[in-house]
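Positions 1 to 243 (our numbering) are the ones given, in order, by the first sequence.
Just so you know, even glycine gets a beta-carbon here, dropped at the ideal spot from N, CA and C.
Quick caveat, the model's predicted, so the values are computed rather than measured.
Comments concern the structure below.
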Amino acid sequence: MCGRFVLIQVGELMVRFMVIAPYPGGHRQDPGPLPAMFSEPRYNIAPTQKVLTVNFQNGERSIRPMRWGLIPSWAKNGQKLPLNINARDDRLATAGSWRGPLRNGRCLIPADGYYEWTGPKNNRKPVFIHRKDGRLFAFAGLYDTWRHPFSGELTRSCAIVTTSPNSLLRPVHHRMPVILEEEAEAVWLDPSITHVGSLLALIQPYPDEYMEAYPVGNAVNRVAADGPALLAPAPEQPFLTEK
DNA sequence: CCAGACGTTGTT
DNA sequence: GTCTGG
DNA sequence: CCAGACGTTGTT
DNA sequence: GTCTGG
């Protein structure tokens, strides 16, 4: 994981994350109009694009768009940094880019599924991975806020935590994104929790019995491609083994 | 002490 | 081959 | 993650 | 900002 994902049920965000899963002392909040790019479902969200996140802001959950690809708060203007779209779980507590966000910048990144590419480098095939029941879920995310040195403009950006794959995905890839169970979502978002061990304990491979994976066509390879057709199962492969 | 890094994935 | 852009 | 670029001078 | 390497 994970350089593409899907966010179809945009309209379910409020219900799923603000109402069904309330938190102590919190209340429902109107997220206001969503960014234009989320006025329609998205089937191919790529790094550097805006993603919708859920985080804690002024004592309540809030839905915010952020850039996918974390820019640390300490980055100098113009400094070249890696595209931080994934954060390895075993590096969260120590790596400079993650340590601060693990304490103060935890978020959820809602999605309906994601793509993983599998196979040899010159013949990689995209696979779509999702919940069997099709429900919205949330990746464990980290975010940071970067301040433009002159304009003062704030840029919020995020990364998806990765861990070892479950048994379903092990044949597909050697990493998988961290998907939180609903009880874990509230803990991950709770800003009062700063004990690193309590946070890392939430990070587990999502149970494979809830998930399903199937090959899709290579149209998703192009970042500009979008739409439900990307989720169509890949057509049967013709017999190529015999020359 | 200062200078420089600060990341991940995938690798026939 | 390696970096950048989306 | 994959696709696509990868560059400069001089300027109607 | 904070850690690591020298």
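Around the beta carbon of E116, a 10 Å sphere encloses 16 or more other beta carbons of the protein chains shown; the residue is thus reported as buried. Taking 8 Å as the cut-off, the beta carbon of N166 is found no closer than this to the beta carbon of P215. The three-state secondary structure of N58, taken from DSSP, is coil.
The criterion of a C-beta distance shorter than 8 Å is satisfied by R42 and L7. A residue is called buried once 16 or more other Cβ atoms fall within 10 Å of its Cβ, and F38 is buried on that count.
Judged by their CB atoms, L108 and G141 are nearer to each other than the 8 Å cut-off. Counting only residues of its own chain and dropping the five nearest sequence neighbours on each side, P35 has a CB closer than 6 Å to the CB of K50, P65.
Three or more Cβ pairs closer than 8 Å define a contact, and the stretch 183-199 falls short of that threshold against the stretch 117-133. For a cut-off of 8 Å, the C-beta gap from Y114 to F5 is around 4 Å, short enough to register as a contact. Look at the beta carbons and you see the stretch 187-204 not touching the stretch 70-81: under three pairs across the two are nearer than 8 Å. The alpha-carbon of S198 is positioned some 25 Å away from that of R156. Annotated three-state conformation of N77 is coil, per DSSP.
By the 16-neighbour rule on beta-carbons within 10 angstroms, R106 is buried. For S157, the enclosing beta strand (DSSP E) covers residues 154-163.
Taking C-beta separations shorter than 7 Å and ignoring five residues to either side along the sequence, the partners of T118 in its chain run R124, K125, V127, V172, H173, following chain order. Here A87 really is in contact with V161; their C-beta atoms are around 5 Å apart, less than 8 Å.
Judged by their CB atoms, G69 and N84 are nearer to each other than the 8 Å cut-off. The residue among P235, A225, P233, A229 with its C-alpha nearest the C-alpha of I45 is A225. Burial is judged here by how many other beta carbons sit within 10 angstroms of a residue's own beta carbon; D112 has at least 16 and is buried.
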